[in-house]
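A.B. asks: Structure below; questions to follow.
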Amino acid sequence: MNDFTFYFEIGWQHIISLDAADHLLFITALSAIYLVNDWKKVLILVTAFTIGHSVTLALSVYDVIRINSKWVEFLIPVTILATAVINVFLKKNGTSPGKYNYFLALFFGCIHGLGFANTIRFMLARSQKIGYPLAGFNVGLEAGQILVVAFILLCSYLVVNKAGLNQKWWMYILSGLAGITALYLSFERLPF
Numbered sequence: 074m075n076d077f078t079f080y081f082e083i084g085w086q087h088i089i090s091l092d093a094a095d096h097l098l099f100i101t102a103l104s105a106i107y108l109v110n111d112w113k114k115v116l117i118l119v120t121a122f123t124i125g126h127s128v129t130l131a132l133s134v135y136d137v138i139r140i141n142s143k144w145v146e147f148l149i150p151v152t153i154l155a156t157a158v159i160n161v162f163l164k165k166n167g168t169s170p171g172k173y174n175y176f177l178a179l180f181f182g183c184i185h186g187l188g189f190a191n192t193i194r195f196m197l198a199r200s201q202k203i204g205y206p207l208a209g210f211n212v213g214l215e216a217g218q219i220l221v222v223a224f225i226l227l228c229s230y231l232v233v234n235k236a237g238l239n240q241k242w243w244m245y246i247l248s249g250l251a252g253i254t255a256l257y258l259s260f261e262r263l264p265f
């Protein structure tokens with residue numbers, strides 16, 4: 074249980090820390106098209122993201138998969154940018170995100186998991202039993218993501234439902250901020 078608690082804290086810090094800007098930007102872009110009454114959909118999305126994240130962490134710990142960290146660090150902001158662009162494209166065309174959003178969250182979670190894989194691989198490799206540590210990390214990550222999503226949905230409630238800003242403009246603002254920042258990070262992290 075001690076391993077679980079230790080890794081829970083690492084997972085929690087991985088999303089809550091200001092050093093986790095790319096994670097926070099992705100969750101912001103992912104949540105931008107939803108309002109507070111869509112909380113179940115957003116919860117499923119972040120859980121799909123966590124599942125993808127944990128799959129690549131586990132595969133990395135067992136040395137099944139390794140990808141050059143420069144490419145992973147570049148691809149992470151690309152996933153944020155892609156999510157922001159998809160948001161704008163869907164809203165502009167009046168299209169519902171549909172079930173493919175869950176697949177994208179899962180797939181993008183795999184990419185983000187690779188970003189942390191090099192860091193946690195060495196920590197988890199020391200222990201012969203990785204079940205509790207990996208579970209603790211992922212539960213901490215999920216708890217942190219739920220807190221971030223709750224904050225974003227509360228802000229959307231205040232801005233859209235109470236202040237009266239059009240939901241489309243709120244989505245444009247959140248997606249635009251996440252997308253512009255991700256574009257900057259992408260250029261900053263070019264792997265070549």
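If you're matching positions, the sequence shown starts at 74 in the working numbering and goes up one per residue.
Each residue gets a CB set at the ideal place from its N, CA and C atoms; glycine is no exception.
Fair warning: this is a prediction, and the values are worked out from it, not measured in the lab.
Quick one: grab the DSSP three-state call for S90.
C.D. replies: The answer is coil: DSSP assigns S90 none of H, G, I, E or B.
A.B. asks: Over the uninterrupted alpha helix (DSSP H) stretch that includes P264, give me the two end residues.
C.D. replies: It is not in any alpha helix (DSSP H) - P264 carries neither H nor E in the DSSP assignment.
A.B. asks: How is L116 classed by DSSP in three states: helix, strand or coil?
C.D. replies: Three-state DSSP puts L116 in a helix.
A.B. asks: How many angstroms separate the CA atom of F224 from the CA atom of L177?
C.D. replies: Between F224 and L177, the C-alpha separation is close to 22 Å.
A.B. asks: Using a Cβ-Cβ cut-off of 7 Å (strictly less than) and excluding sequence neighbours within five positions of A255, which residues of its own chain qualify?
C.D. replies: Closer than 7 Å at the Cβ level, and outside the excluded window around A255, lie L98, P150, I153, L154, A157.
A.B. asks: Identify, in the order they occur along the chain, each residue of the same chain with its Cβ nearer than 6 Å to the Cβ of H96, setting aside the five sequence neighbours on each side.
C.D. replies: Counting only Cβ-Cβ distances below 6 Å, and skipping sequence neighbours, we find I88.
A.B. asks: Return the chain-ordered list of same chain residues with a C-beta closer than 8 Å to the C-beta of V115, the five sequence neighbours on each side being excluded.
C.D. replies: Answer for V115: L103, S104, Y107, V222, L226, listed in chain order.
A.B. asks: A208 by DSSP, collapsed to three states: which one?
C.D. replies: Here A208 sits in helix by DSSP.
A.B. asks: Assign K143 to one of three DSSP states: helix, strand, or coil.
C.D. replies: The answer is helix: DSSP assigns K143 an H, G or I state.
A.B. asks: Would you identify the three-state DSSP class for D136, choosing helix, strand or coil?
C.D. replies: Reduced to three states, the DSSP call for D136 is coil.
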